[in-house]
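Asks:
Numbering (UniProt numbering), first residue to last: 1 to 417.
1) Please classify residue 28 as buried or exposed, where buried requires at least 16 neighbouring CB atoms within 10 angstroms.
2) By DSSP's criteria, residue 234 is part of a beta bridge. Which residues make up the other side?
3) Return the first residue and the last residue of the beta strand (DSSP E) that residue 166 is part of.
4) Report the CB separation of residue 387 from residue 357 in whole angstroms; it is logged as a contact under 8 Å.
5) How big is the Cα-Cα spacing for residue 41 and residue 283?
6) According to DSSP, is residue 187 helix, strand or coil?
7) Where residue 4 and residue 127 are concerned, what is the direct C-alpha to C-alpha distance, given to the nearest angstrom?
8) Three Cβ pairs or more, each shorter than 8 Å: is that satisfied between the segment 156 to 165 and the segment 102 to 120?
9) Can you tell me where the beta strand (DSSP E) holding residue 120 begins and where it ends?
10) Taking 8 Å as the cut-off, decide whether the C-beta atoms of residue 315 and residue 351 are in contact.
11) Going by DSSP, what residues sit across from residue 58 in a beta bridge?
12) What are the partner residues of residue 106, as DSSP defines its beta bridges?
13) At a cut-off of 7 Å, would you count residue 103 as near the ligand ADP, judging by its Cβ distance to the nearest heavy atom?
14) Would you list the one or two residues that DSSP bridges to residue 382?
15) Whole angstroms are fine: how far does the CA of residue 17 sit from the CA of residue 329?
16) Does DSSP classify residue 7 as helix, strand or coil?
17) Considering residue 328, what are the terminal residues of the beta strand (DSSP E) in which it resides?
18) Using DSSP bridges, identify the partner residues of residue 259.
19) Could you check where the alpha helix (DSSP H) with residue 195 kicks off and where it finishes?
20) Kindly indicate which residue of 7, 405, 23, 132 has the alpha-carbon position closest to the one of residue 250.
21) If you run the structure through DSSP and keep just helix, strand and coil, what is residue 207?
22) Under a three-way DSSP split, which group does residue 398 fall into?
23) Could you tell me whether the Cβ atoms of residue 70 and residue 49 are closer together than 8 Å?
24) Looking at the secondary structure, which residues open and close the beta strand (DSSP E) in which residue 135 lies?
25) Going by the DSSP bridge assignment, what does residue 300 pair with across the sheet?
26) Taking the C-alpha atoms as reference points, what is the distance between residue 43 and residue 87?
27) With the cut-off set at 8 Å, would you say residue 381 and residue 397 are in Cβ contact?
28) In chain order, what residues of the same chain have a beta carbon less than 7 Å from the beta carbon of residue 141, not counting five sequence neighbours either side?
29) Between the Cα of residue 385 and those of 359, 412, 25, spot the shortest distance and give me the residue it belongs to.
30) Could you check whether residue 150 and residue 137 sit closer than 8 Å to each other, using their CB atoms as the reference points?
31) Please look up how many angstroms separate the CB atoms of residue 332 and residue 192, rounded, as I've assumed it's under 8 Å.
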């Protein structure tokens with residue numbers, strides 16, 4: 001019979017934890033299934049609503065009828081930015097961006113991020129974007145990606161993010177499937193040793209067969225020369241220089257569309273999944289807080305790409321709704337060497353670190369020196385996502401990366417949920 005190894009958390013006072021012990025977890029779970037409406041109404045109080053809901057849930061899975069917080073009105077951008085500033089936290093760092101080059105990084109306070117979001121929201125409105133219009137975002141992991149997402153939510157536009165490594169054909173299909181009106185991309189991208197990933201040229205190839213696109217915004221990331229079509233293509237920074245930094249968030253129904261994200265296609269043609277506003281934000285805020293035991297002041301880093309659901313929920317929406325400081329990483333774990341993750345942890349004093357078993361296996365093969373020669377004392381919690389984690393990498397993660405003291409939360413999500 002196989003031995004079962006148990007590891008008890010010892011990282012901080014359990015009294016401060018959102019779920020201090022297994023009995024607390026069982027109590028929370030029992031409440032969620034015995035009184036789901038009461039439980040989720042309580043969780044929804046973590047957000048600010050312009051109008052409270054008439055009914056918490058109206059679900060009939062036999063006919064795929066699922067609605068949350070009907071009658072409620074809120075705005076995602078307001079909940080992720082404005083309300084924290086109103087509460088006096090505008091000077092707190094909202095977003096840390098770590099570039100591909102270790103010498104390149106920048107930060108945005110909540111006030112600074114709101115200013116950038118409002119500017120781009122106004123630019124979208126100037127181009128005729130209205131509530132319900134679809135906006136496609138095809139970018140690498142740069143700050144403008146986060147800004148564009150939040151700008152869409154501010155004015156009720158529905159963003160559809162296409163993973164930056166996808167082909168022109170994949171981009172074309174996703175644009176056409178959701179009839180996107182706007183495309184946001186960048187000149188070229190950098191990732192590891194790749195210095196000129198052809199983002200705009202890939203987009204141009206896709207745009208040959210995307211009749212719904214009216215306007216393209218292009219971020220200058222590298223300064224490489226790219227083709228710009230007069231009357232359709234506009235440089236992001238040129239427009240941002242003169243944009244108004246005040247934009248009133250619009251009231252959204254809880255069941256209004258928030259974003260479309262396409263499934264991976266591993267079981268057939270990728271399917272566009274539509275997430276709505278209220279239920280999604282309540283769930284991403286709640287799970288970010290309790291799963292990662294997020295405490296105010298923690299520096300939180302999810303290494304995922306925003307092109308996937310984990311990045312949507314646990315780089316942008318969950319953390320910012322909870323007034324976290326969230327870190328966004330443009331690079332890869334093996335550039336300039338296999339110690340890059342731990343350099344970033346040491347540099348920014350990361351408290352919660354969240355990555356995939358695939359990355360852990362690659363790093364584990366390179367030995368322990370890249371890890372132990374960096375200071376990881378700031379880490380309190382480790383997380384895994386994207387696939388099941390096997391015992392060898394789990395033990396290495398716990399013993400070497402976490403120094404036998406950091407709990408590991410093993411998470412499972414999917415685009416549909």
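The beta-carbon is built from N, C-alpha and C at its ideal position, and this holds for glycine as well.
Replies: According to the structure shown:
1) In the chain shown, residue 28 corresponds to position 28, counting from 1. Flag for residue 28 reads exposed.
2) Working through the chain shown from its first residue, we reach residue 234 at position 234. DSSP output for residue 234 lists 217 as bridge partner(s).
3) For the purposes of this step, residue 166 is taken as residue 166 along the chain shown, with counting starting at 1. Neither: residue 166 is in no beta strand (DSSP E) and is coded neither H nor E.
4) Start at 1 with the first residue of the chain shown, and residue 387 comes out as number 387. Start at 1 with the first residue of the chain shown, and residue 357 comes out as number 357. Contact between residue 387 and residue 357 is confirmed by a C-beta separation of about 5 Å, below the 8 Å threshold.
5) Sequence index remark: in the chain shown, residue 41 carries index 41 (1-based). Sequence index remark: in the chain shown, residue 283 carries index 283 (1-based). Cα to Cα, residue 41 sits roughly 11 Å from residue 283.
6) Counting from one through the chain shown, the residue named residue 187 turns up at place 187. The answer is coil: DSSP assigns residue 187 none of H, G, I, E or B.
7) On the chain shown, residue 4 is found 4 positions in, with the first residue counted as 1. On the chain shown, residue 127 is found 127 positions in, with the first residue counted as 1. A direct Cα-to-Cα measurement between residue 4 and residue 127 gives close to 60 Å.
8) no
9) Translated into positions along the chain shown, residue 120 becomes position 120. That residue, residue 120, is in no beta strand (DSSP E); its alpha helix (DSSP H) goes 110 to 126.
10) Position 315 of the chain shown, counted from the start, is the residue given in the question as residue 315. Position 351 of the chain shown, counted from the start, is the residue given in the question as residue 351. Taking a C-beta distance under 8 Å as the contact criterion, residue 315 and residue 351 do not qualify as a contact pair.
11) Here residue 58 refers to the residue found at position 58 of the chain shown. According to DSSP, which records beta bridges pairwise, residue 58 is partnered with 67.
12) Start at 1 with the first residue of the chain shown, and residue 106 comes out as number 106. According to DSSP, which records beta bridges pairwise, residue 106 is partnered with 97.
13) By its list of ligands, the structure shown contains no ligand whatsoever, and the ligand ADP lies outside what it can speak to.
14) What you label residue 382 is simply residue 382 of the chain shown in a count that begins at 1. DSSP, once it has assigned bridges, lists 353, 408 as partnering residue 382.
15) Position 329 of the chain shown, counted from the first residue, corresponds to residue 329. Position 17 of the chain shown, counted from the first residue, corresponds to residue 17. For residue 329 and residue 17, the distance between alpha carbons rounds to 27 Å.
16) Within the chain shown, the letter at position 7 stands for residue 7. DSSP places residue 7 in coil when its eight states are reduced to three.
17) Walking along the chain shown from the start, residue 328 turns up at place 328. That run of the beta strand (DSSP E) goes 325 to 329.
18) To locate residue 259, count along the chain shown from 1; it is residue 259. According to DSSP, which records beta bridges pairwise, residue 259 is partnered with 159, 275.
19) Mapped onto the chain shown, residue 195 falls at position 195. Not the alpha helix (DSSP H): residue 195 falls in the beta strand (DSSP E), residues 194 to 197.
20) Taking the chain shown and counting its residues from 1, the one referred to as residue 250 is at position 250. That would be 132, whose Cα lies nearest to the Cα of residue 250.
21) The sequence position of residue 207 within the chain shown is 207, counting from 1. In this structure, residue 207 counts as helix in the three-state DSSP scheme.
22) Here residue 398 corresponds to residue number 398 of the chain shown, with the count starting at 1. Reduced to three states, the DSSP call for residue 398 is helix.
23) Residue numbering aside, residue 70 sits at position 70 when the chain shown is read from its first letter. Residue numbering aside, residue 49 sits at position 49 when the chain shown is read from its first letter. No, the Cβ-Cβ distance between residue 70 and residue 49 is not below 8 Å.
24) Walking along the chain shown from the start, residue 135 turns up at place 135. Unbroken beta strand (DSSP E) run through residue 135: 134 to 137.
25) Here residue 300 is taken as the residue at index 300 of the chain shown, counted from 1. Residue 300 is bridged to 326, 352.
26) Taking the first residue of the chain shown as position 1, residue 43 is located at position 43. Taking the first residue of the chain shown as position 1, residue 87 is located at position 87. Within the model, the alpha-carbon separation for residue 43 versus residue 87 is close to 20 Å.
27) Position 381 of the chain shown, counted from the first residue, corresponds to residue 381. Position 397 of the chain shown, counted from the first residue, corresponds to residue 397. Contact: no.
28) Counted from its first residue, the chain shown places residue 141 at position 141. Correct list, in chain order: 305, 306, 328, 329, 330.
29) Indexing the chain shown from 1 puts residue 385 at position 385. Of 359, 412, 25, the residue nearest in Cα terms is 412.
30) To locate residue 137, count along the chain shown from 1; it is residue 137. To locate residue 150, count along the chain shown from 1; it is residue 150. Contact: no.
31) The sequence position of residue 332 within the chain shown is 332, counting from 1. The sequence position of residue 192 within the chain shown is 192, counting from 1. Between residue 192 and residue 332 the Cβ distance is about 4 Å, and since that is below 8 Å, they are a contact.
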